[in-house]
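See below for the structure under consideration.
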Amino acid sequence: MSIQQSLVLESKQGSLIVSETPIPQLQPGELLIKVQAAGLNPVDWKIQATGFLVESYPAVLGSDVAGDIEQVGEGVVGWAKGDKVLFQGFYRNERAAFQQYTTIPADLVAKIPSKYTYSQAAAIPVSLSCAIYGLYAPKPIGLGLNPTIDPSVKQTGQPVLVLGGSTAVGKYAIQLLRYMEFSPIITYASSKHSAHLESLGATHIIDRQEVPLADLPSVIAKTTELPLKIVFEVVGDTETLEAGINCLVDGGALVTVNSRANTDRNDGKTVVAVFGTVHLPHTRAFGKVLYERLPQLLEKDVIVPPRVEDLTNGLKGIVDGLQRLKRNEISGFKLIGHPQEPSS
Ligand SMILES: NC(=O)c1ccc[n+]([C@@H]2O[C@H](COP(=O)([O-])OP(=O)(O)OC[C@H]3O[C@@H](n4cnc5c(N)ncnc54)[C@H](OP(=O)(O)O)[C@@H]3O)[C@@H](O)[C@H]2O)c1
């Protein structure tokens with residue numbers, strides 16, 4: 001067994017086609033994974049559209065993986081063939097999700113709790129990474145609110161704002177803020193998601209269909225008398241970023257999901273542009289902390305995954321799913337592809 005089916009981006013800003021590629025070579029300390037479910041993220045269509053992040057082609061994309069351990073690399077202890085795991089992949093072919101087999105260092109995976117399907121598990125890694133690196137990871141990677149993911153670290157009674165709470169990232173952010181007892185947890189989202197966002201920990205939903213961004217500071221002032229020191233901006237456009245900064249008290253800090261945002265400021269406010277990945281040399285230590293703590297956070301329902309929609313038609317089905325993401329047609333759930341299923 002050395003050849004597999006992959007969804008391949010042929011060239012920079014080129015087409016995505018299903019093609020045969022070599023199965024990645026297992027290195028010491030790694031696991032070879034049979035990919036059962038692969039989550040789709042906005043970054044996947046953005047890479048195809050703009051050519052950013054990926055250096056060499058043909059490229060396999062996708063970075064949300066749930067699957068089975070197929071082979072255990074030299075020196076790995078604690079894992080066995082057949083174990084069900086979830087993890088965050090990366091923008092290199094040997095770490096990518098949109099293929100039948102991929103590899104990952106053994107210290108960056110978590111066991112899938114028996115209460116979750118592969119699809120639910122594949123809805124966790126990337127969106128959770130973005131939220132937890134942005135909020136908890138040490139400065140300057142994130143805001144440094146809880147770098148050891150310690151359950152006793154609290155910010156009880158501190159108000160916080162999440163702009164874009166109904167996004168997958170926003171939902172994890174709300175849960176992580178609830179874990180630290182922030183209150184009130186105010187979020188800007190479509191009110192159709194109110195009940196679900198409240199179940200995750202949001203205390204106030206400002207309806208984005210009713211309230212323009214410019215009115216946010218006055219609406220928030222009616223919700224809390226305390227100064228707003230923390231904002232998480234999960235939309236990634238300049239308008240939303242500026243609106244978030246306007247809501248902050250002097251000296252406050254905002255984290256944005258736009259990893260390329262300009263963070264230079266001279267107004268005393270801090271802007272952190274998060275790149276939520278376990279795979280860079282300077283982010284890996286926090287990634288190890290995350291994957292040590294994740295099984296317990298999932299078992300105890302501190303973190304629950306969003307709703308999912310399973311895509312049909314194997315790897316080819318992922319291409320249509322990415323188009324739906326690009327057209328902004330996805331609201332309140334995550335799309336999941338299935339690389340082991342045949343494509344027509
Ligand atoms: N830097 C990183 O490491 C990193 C990692 C992952 C994702 N991201 C970025 O984070 C953003 C969210 O990703 P995601 O996967 O969580 O997205 P998603 O779940 O696919 O987002 C869909 C949601 O976006 C909401 N939305 C769209 N425009 C909005 C606006 N102007 N204000 C408020 N909500 C809005 C929609 O809300 P309604 O349903 O309420 O209309 C919809 O529910 C993307 O820009 C993505 O590229 C960054």
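Each residue of the sequence shown is one higher than the last, beginning at 1 in the UniProt record's numbering. Even glycine gets a Cβ: it sits at the ideal position worked out from N, Cα and C.
Notebook entry, point to check: For aspartate 68, which beta-bridge partners are listed by DSSP?
Noted result: Beta-bridge pairing links aspartate 68 to Lys34 and Lys84.
Next item on the list: Please classify proline 22: does DSSP put it in a helix, a strand, or coil?
Entry: Strand at proline 22.
Notebook entry, point to check: Assuming glycine 170 contacts valine 162 under a Cβ cut-off of 8 Å, what Cβ separation, rounded to an integer in Å, is found between them?
Noted result: 5 Å
Check: With 16 other CB atoms within 10 Å as the buried threshold, where does serine 129 fall?
Finding: buried
Checklist line | Strand pairing of alanine 131, partner residues [DSSP] | finding: According to DSSP, alanine 131 bridges with nothing at all.
Next item on the list: Check whether the region 49 to 60 touches the region 3 to 14, taking contact to mean three or more Cβ pairs, one atom from each stretch, closer than 8 Å.
Entry: yes
Next item on the list: Report buried or exposed for glutamine 25, applying the criterion of at least 16 other Cβ atoms within 10 angstroms of its Cβ.
Entry: Answer is exposed; the Cβ neighbour count stays below 16.
Note to self: In whole angstroms, give me the CA-to-CA distance for glutamate 10 and valine 18.
What the structure shows: 10 Å
Check: Once you ignore the five residues that flank leucine 322 on each side, which residues in its own chain have a CB closer than 8 Å to its CB?
Finding: Taken in chain order, the residues that qualify are Leu16, Leu40, Asp44, Trp45 and Gln48.
Checklist line | Per-residue burial, alanine 214 [other beta carbons within 10 Å of its own, 16 or more giving buried] | finding: Burial is judged here by how many other beta carbons sit within 10 angstroms of a residue's own beta carbon; alanine 214 has fewer than 16 and is exposed.
Check: Who are the near neighbours of tyrosine 118 in its chain, counting only those whose CB is closer than 6 Å to its CB and skipping five residues on each side?
Finding: Gln36, Ala37 and Ala66
Notebook entry, point to check: Considering threonine 102, what are the terminal residues of the beta strand (DSSP E) in which it resides?
Noted result: 101 to 105
Note to self: Checking the sheet assignment: what are the DSSP bridge partners for isoleucine 5?
What the structure shows: In the sequence as displayed, the identity of residue 5 is glutamine instead of isoleucine. By DSSP's assignment, glutamine 5 forms a beta bridge with Glu20.
Next item on the list: Tell me, please, whether the region 291 to 308 touches the region 171 to 182 by the rule of three or more beta-carbon pairs shorter than 8 Å.
Entry: Segments in contact, yes.
Check: Between glutamate 181 and threonine 203, what straight-line distance do the alpha-carbon atoms span, to the nearest angstrom?
Finding: 11 Å
Item checked: Beta-carbon spacing of proline 105, glutamate 55 below 7 Å -> no
Checklist line | Sequence-distant residues of its chain with Cβ nearer than 6 Å to asparagine 246 (five each side left out) | finding: Pro217
Next item on the list: Have a look at the DSSP bridge pairing and note the partners of leucine 290.
Entry: The partner list for leucine 290 (beta bridge, DSSP) is empty, contrary to what the question assumes.
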